[in-house]
Ligand SMILES: [Zn+2]
Ligand SMILES: [Zn+2]
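In the numbering used here, the protein residues as written are 25 to 417.
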């Protein structure tokens with residue numbers, strides 16, 4: 025074999041084993057639309073996703089001080105997470121290997137299997153975790169992995185069981201942009217927490233009275249929680265309304281409204297500065313009133329669930345409840361670009377606020393016809409959307 029032939033064969037081998045799998049995976053990630061069942065596509069996507077998340081998880085085990093969230097890691101059991109990681113590696117490894125043996129989606133499964141191998145080579149579920157300092161700057165990689173896994177499981181099931189738009193697929197148009205928003209929102213959890221707390225203390229600290237806070241904390245749990253949600257939603261309602269009615273603020277909020285397909289991931293699309301500013305405005309009265317820790321935890325669960333659920337592709341028979349609490353139907357109307365829906369339905373928890381303030385959507389139609397900003401001027405892409413408010417008109 026001469027040198028030329030050897031070089032050609034090596035190049036072909038590399039193309040076949042490395043370049044083609046990476047190209048096809050990259051191409052898959054750019055696409056949207058339904059996955060054709062039966063061709064091994066679904067199991068390949070599951071193997072790829074789990075393989076990738078498992079690799080990230082192994083990195084988090086190696087560098088917990090920089091890649092995990094202190095508030096979270098003090099809550100969960102590391103042994104349970106190790107088991108979870110092991111299961112993810114076994115499932116991703118088994119699926120990709122099975123597909124390779126069956127000759128289905130060779131390229132995608134080569135990448136998935138390579139991710140599993142890399143995660144295992146780096147220690148897999150057995151990376152030792154020693155003592156480490158608690159006050160390092162970090163990104164919430166663990167929060168991203170766990171919330172993505174949990175939300176996908178819960179909300180994909182709900183959306184499949186009670187869909188509003190039956191033909192809508194999981195990988196709908198612009199899912200990549202919203203997944204990036206989702207990821208970054210989770211990564212910056214530490215920075216957001218730090219800045220929001222800093223602003224709350226420095227701007228509103230002088231308003232805090234411990235006697236008054238004790239009186240609030242003496243209210244029984246359920247009414248205190250309902251009151252907390254009411255106070256939060258009143259603050260949220262007026263902040264949200266300002267975002268719609270002040271043109272400068274709308275440039276930020278338009279990012280959230282630019283999503284044209286409503287599903288559980290759509291709510292993640294939000295400008296980072298809006299996310300922080302809204303949080304300061306909503307948490308300020310809660311901080312001043314000093315609700316009990318149990319109530320605040322309850323509120324965080326409610327707001328975390330509703331923020332995702334209200335965007336989900338879900339329709340349930342709500343009955344008269346729809347006048348009381350914000351449902352996906354109610355918030356879908358907020359995102360509609362139908363004429364009667366513009367600047368309506370601002371509430372996030374209590375729908376009666378919009379009925380009270382005269383901003384509830386009144387329409388003979390049951391569901392909107394279209395979603396997104398009127399004129400469809402928002403560019404697609406995470407970075408372009410973050411830069412959008414600062415662009416000259
Ligand atoms: Zn809005
Ligand atoms: Zn929304």
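Glycine included, every Cβ here is placed at the ideal spot set by N, Cα and C.
If residue i sits next to residue j, beta carbons under 8 Å apart, how far is it from one beta carbon to the other, in whole angstroms?
| i | j | result |
| --- | --- | --- |
| residue 136 | residue 75 | 5 Å |
| residue 403 | residue 409 | 7 Å |
| residue 59 | residue 66 | 5 Å |
| residue 199 | residue 289 | 6 Å |
| residue 90 | residue 29 | Incorrect: roughly 48 Å between the Cβ atoms, too far for contact. |
| residue 82 | residue 148 | 7 Å |
| residue 276 | residue 392 | Not confirmed; about 23 Å, so no contact. |
| residue 123 | residue 48 | Between residue 48 and residue 123 the Cβ distance is about 13 Å, and since that is not below 8 Å, they are no contact. |
| residue 310 | residue 256 | 6 Å |
| residue 286 | residue 209 | 18 Å between Cβ atoms; not a contact. |
| residue 6 | residue 143 | The shown model of the chain, from 25 to 417, leaves out residue 6, and the question about it has no answer. |
| residue 211 | residue 165 | 7 Å |
| residue 240 | residue 315 | 6 Å |
| residue 96 | residue 167 | 6 Å |
Should residue i be labelled buried (16 or more other beta-carbon atoms within 10 Å of its own) or exposed?
| i | result |
| --- | --- |
| residue 230 | exposed |
| residue 42 | exposed |
| residue 40 | exposed |
| residue 109 | buried |
| residue 292 | buried |
| residue 102 | exposed |
| residue 297 | exposed |
| residue 163 | buried |
| residue 169 | buried |
| residue 202 | buried |
| residue 236 | exposed |
| residue 26 | exposed |
| residue 99 | exposed |
| residue 45 | buried |
| residue 197 | exposed |
| residue 21 | Nothing can be reported for residue 21: it is not among the residues displayed for the chain, which extend from 25 to 417. |
| residue 88 | buried |
| residue 415 | exposed |
| residue 353 | buried |
| residue 68 | buried |
| residue 183 | buried |
| residue 54 | exposed |
| residue 213 | buried |
| residue 272 | exposed |
Taking 8 Å as the cut-off, is the beta-carbon of residue i closer than that to any non-hydrogen atom of ligand 3?
| i | result |
| --- | --- |
| residue 373 | Ligand 3 is not part of this structure, which contains only ligand 1 and ligand 2. |
Validate contact between the stretch 290 to 310 and the stretch 255 to 264 using beta carbons, cut 8 Å, 3 pairs: yes
Whose beta carbon lies closer than 7 Å to any heavy atom of ligand 2, going through the chain in order? 280, 291, 334, 335, 355, 358, 359
Inter-stretch contact at 8 Å, needing at least 3 Cβ pairs: the stretch 179 to 187 / the stretch 151 to 161: no
Evaluate the contact criterion for the stretch 338 to 358 versus the stretch 374 to 389: three or more CB pairs, one atom per stretch, below 8 Å. yes
Complete alpha helix (DSSP H) runs within the stretch 66 to 115 (minimum length 4 residues, chain order): 88 to 91, 94 to 97
How about the stretch 242 to 261 and the stretch 354 to 364: do they share at least three Cβ pairs that are nearer than 8 Å? no
Is the number of C-beta pairs between the stretch 186 to 200 and the stretch 109 to 125 that are closer than 8 Å three or more? no
Ordered list of alpha helix (DSSP H) runs contained in the stretch 366 to 392, each at least 4 residues: 376 to 381
Ranges of the beta strand (DSSP E) found wholly within the stretch 167 to 198, counting only runs of at least 3: none
On the three-pair Cβ rule with 8 Å, is the stretch 317 to 336 touching the stretch 216 to 223? no
Looking at C-beta atoms only, is the number of pairs between the stretch 387 to 407 and the stretch 275 to 286 that lie closer than 8 Å three or more? yes
Note down, one range per segment and in chain order, each alpha helix (DSSP H) of at least 4 residues found wholly within the stretch 320 to 362. 352 to 359
Residue ranges of each alpha helix (DSSP H) within the stretch 213 to 294, 4 or longer: 213 to 228, 234 to 241, 245 to 269, 271 to 281
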